[in-house]
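Everything below concerns the one structure shown next.
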Amino acid sequence: MENRKVRWGILGTAEIATKVVAGMHDAANADVVAIASRSLDRAQAWADEHTVPQAFGSYDELLADDSIDAVYLPVPTALRNEWIKKAAQAGKHVYAEKPFADGVEDAIEVCRQNGVQFMDGTMWLHSNRTQALEKHVADGDIGDVKRVTSAFTFKAPDKEWYEGGNGRTDKNREPMGCFGDQGWYPIGAIMWSFGYELPEKVQMTHVSKNSVDTIVACGGTLWFSGGRMATFDAGVELAHRSQFETVGDAGLIRVDDLVGGQGRTGNFAAYGEKFTGSTHYVVGDVEGKDTQYEVEACDHVVKLVERFSNNVLVGKLEDEWPKRSIACHRVMSALFESAESGGTAVSL
33 MENRKVRWGI
43 LGTAEIATKV
53 VAGMHDAANA
63 DVVAIASRSL
73 DRAQAWADEH
83 TVPQAFGSYD
93 ELLADDSIDA
103 VYLPVPTALR
113 NEWIKKAAQA
123 GKHVYAEKPF
133 ADGVEDAIEV
143 CRQNGVQFMD
153 GTMWLHSNRT
163 QALEKHVADG
173 DIGDVKRVTS
183 AFTFKAPDKE
193 WYEGGNGRTD
203 KNREPMGCFG
213 DQGWYPIGAI
223 MWSFGYELPE
233 KVQMTHVSKN
243 SVDTIVACGG
253 TLWFSGGRMA
263 TFDAGVELAH
273 RSQFETVGDA
283 GLIRVDDLVG
293 GQGRTGNFAA
303 YGEKFTGSTH
313 YVVGDVEGKD
323 TQYEVEACDH
333 VVKLVERFSN
343 NVLVGKLEDE
353 WPKRSIACHR
363 VMSALFESAE
373 SGGTAVSL
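Following my numbering from start to finish, the sequence shown increments by one per residue and tops out at 380.
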């Protein structure tokens, strides 16, 4: 039993799966044993390229394989809830990409009912750096969190890409557009900073849409109880930023490479391939003195998969992860509602 590994299957050959499968291969307690696509030829070609032993020509065939313990779901947002439910009903533990569509709460409930772990693909939460940051917060190094600012932006590479040529700029493929794809990260950093407490209300204060009516840039405000607040922006109209600053009444935490890359160096390999990084962050004191801390570099995917797989192996599921997913989804949905209604404030 000590040497047992979780046997993983992957449903879909989306671009992000290329990054994830590389990390899965490096996870000490995981084996990637199967890939499924709607085309057997495509699945087999992907399996050959990424050293996966079994290929299936349908998702249902993979889920019917009793030797598979857990599945990774990089399927499109509109299909995700359906396959979360089917995977859970087949007894598979579920690691699903984000963001989510309406109804994800029901899909996650099916996971609970079937006794399987659910976790979304917010990789940065599992890094060595995030564990260090959480200790600073728990130890009271920055006091009570009062303000957060966060952002994830980059410039669209060309007009065709901007006008719907990419999945995140086409609402038929990603309903919330760039807000869904990129906004999950700054919103997630805000929610993490406030311990996943829901805000009292939110408002999308700026929205840009392209010619196919899809959000390509946005920004907004979240108000929490007791006068606490956060602001964010996301999209593909500005220079690259991937950052957050969490400010308390005794200090602050600052990260300038939340999602990918190693600092502001122009190295953004982390977005699409195997990557080891996230080695530094800043803690500032109440007087304005900053101290840069270093942590051991890691691959976020490896950390996520190893934690997930350990839960499966020991049979102790963590309900904190689905709770975090639902909290972030509720805030994202409220902000999207605000965006679609001309920027009115939405209460939660």
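A virtual CB, placed ideally from N, CA and C, is assigned to each residue, including glycine.
Chain C within 8 Å of residue i, Cβ atoms only
i	result
D265	The structure shown contains no chain C; it holds only a single protein chain.
Pairwise C-alpha distance: residue j and residue i
i	j	result
D152	G320	36 Å
A271	F186	5 Å
W40	T308	22 Å
D80	I48	17 Å
D97	A170	43 Å
V28	S379	In this structure the chain extends from 33 to 380, so residue 28 is not present and cannot be described.
G196	G209	9 Å
A266	A366	16 Å
F383	S69	The chain is shown only over 33 to 380; residue 383 falls outside these bounds and no answer can be derived.
L157	E93	32 Å
F300	G292	6 Å
G28	W115	In the structure as shown, the chain starts at 33 and stops at 380, and residue 28 therefore has no counterpart that could be examined.
N242	E229	33 Å
T237	H57	42 Å
D245	N204	10 Å
T311	D281	26 Å
F88	V103	13 Å
M33	N61	Caution applies to M33, whose pLDDT of 45 falls short of 50 and renders its modelled position unreliable; the value that the coordinates give is listed next. In a straight line, the C-alpha of M33 is about 11 Å away from that of N61.
D63	V314	36 Å
A66	H332	22 Å
G37	V126	Checking the sequence, you will find Lys at residue 37 rather than Gly. Their backbone Cα atoms lie some 16 Å apart in a straight line.
N160	H168	13 Å
For residue i, the first and last residue of its enclosing beta strand (DSSP E)
i	result
K178	V177 to K187
E326	D322 to E326
R39	V38 to L43
Where the alpha helix (DSSP H) containing residue i begins and where it ends
i	result
I222	G209 to S225
L345	H332 to V346
L367	E352 to E372
8 Å contact criterion, which residue i and residue j should meet: CB distance rounded
i	j	result
K191	R260	The Cβ separation is near 40 Å, so there is no contact.
V344	D101	6 Å
A54	K306	4 Å
Can you list the beta strand (DSSP E) stretches of 3 or more residues lying completely in the region 96-166, in chain order? 102-105, 125-128 and 150-152
My parser needs the beta strand (DSSP E) runs of 3 or more residues fully inside the region 55-96; what are they? 62-68 and 86-88
Pair every Cβ in the region 311-319 with every Cβ in the region 344-364, then say whether three or more of these pairs are closer than 8 Å. no
Does the region 147-165 touch the region 325-340, meaning 3 or more C-beta pairs lie closer than 8 Å? yes
Which parts of the region 237-269 are runs of the beta strand (DSSP E), unbroken and 3 residues or longer, counting only runs that do not cross its ends? 247-255 and 261-267
Kindly confirm or deny that the region 292-300 and the region 205-223 touch, where touching means at least three C-beta pairs closer than 8 Å. no
Any chance the region 74-92 sits against the region 333-347, with 3 or more Cβ pairs inside 8 Å? no
With a cut-off of 8 Å, do at least 3 Cβ pairs link the region 125-132 to the region 103-113? yes
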